[in-house]
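So the structure is just underneath, and the comments pick up after that.
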Amino acid sequence: MKVLSRIALVLLVATGCYLPSDFEADFNIDPKGGFAFRYKGDITSIPLLSKIGKGKLSGDELTKNIAIYKRDLARDRSFKSVEYIENARYKVHYEYQSNIHDSKSFTFIRSNAIFVRLKKRKDGFTELVGNRPPKRYVDELIEKGFDTKGVLRIWTDAKVLKHNAATVKKGPKTLYTWPINSMRDPLPSMILLLK
34 MKVLSRIALV LLVATGCYLP SDFEADFNID PKGGFAFRYK GDITSIPLLS
84 KIGKGKLSGD ELTKNIAIYK RDLARDRSFK SVEYIENARY KVHYEYQSNI
134 HDSKSFTFIR SNAIFVRLKK RKDGFTELVG NRPPKRYVDE LIEKGFDTKG
184 VLRIWTDAKV LKHNAATVKK GPKTLYTWPI NSMRDPLPSM ILLLK
């Protein structure tokens, strides 16, 4: 449990409250700024992981804390389901729709635990950027058995000026795909010109 506690502490300091894993994350972005985002996968509560790792929780106290972090996620109505798995991990389904011209930015998971952000820049372009813990923590986290795996996909018929997707499949809407096999992978990025 000391290893788990050490990992949890590092993660808490490095990244905020929640981290994604074992996921499929999808954006659909139209040329006029409308977008939909869906996430299906796991999210780990770092504060809960820290408490479990330090041996501070058992029985009713553990059950109470599991419910607290479940409620914290579920207060965002875009979480369609939040179910506890084990070791501070929740299986979630999240869906959100908006228009970037109205909202100016969208962040998943939270502003203090950013996995991916879509934002309207001052120069008029729209940018999608991924995020991860600082590099100094990544090696230690991976060494201790914690890593992020999943896939990020973007379907769009908007004008894409720049991206670093691993694959691009043309069609009525072009599909950009980033398989994420490790926190060491390059962060997903894309710049779009929306009307």
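Residues are numbered in the numbering used here as their position in the sequence shown, beginning at 1, plus a constant of 33. Backbone N, C-alpha and C define an ideal beta-carbon position, used for all residues, glycine too.
- In this chain, the alpha helix (DSSP H) harbouring K84 covers I79 to G86.
- Annotated as proximal: L185 and P221, with beta-carbon spacing under 8 Å.
- DSSP places A107 in the uninterrupted alpha helix (DSSP H) bounded by G92 to A107.
- When secondary structure is reduced to three states using DSSP, K168 falls in the helix class.
- Looking from the CA of K168, the closest CA among R217, I133 and L151 belongs to R217.
- Here the alpha carbons of N61 and R71 stand approximately 9 Å from one another.
- The C-beta separation of T181 from L52 comes to about 7 Å, placing the pair in contact by the 8 Å criterion.
- DSSP, read as helix, strand or coil, puts S131 in strand.
- The alpha-carbon separation between R122 and T77 amounts to approximately 4 Å.
- K137 is bridged by DSSP to nothing; it lacks a bridge partner.
- When the five nearest sequence neighbours on each side are left out, the beta carbons in the same chain lying within less than 6 Å of the beta carbon of H134 are those of G66, in order along the chain.
- Per the C-alpha coordinates, the member of G183, P205, K206 and T210 positioned closest to H196 is T210.
- Around the beta-carbon of V125, 16 or more other beta-carbon atoms lie within 10 Å, marking it buried.
- Secondary structure note for P53: its beta strand (DSSP E) is the uninterrupted segment Y51 to I62.
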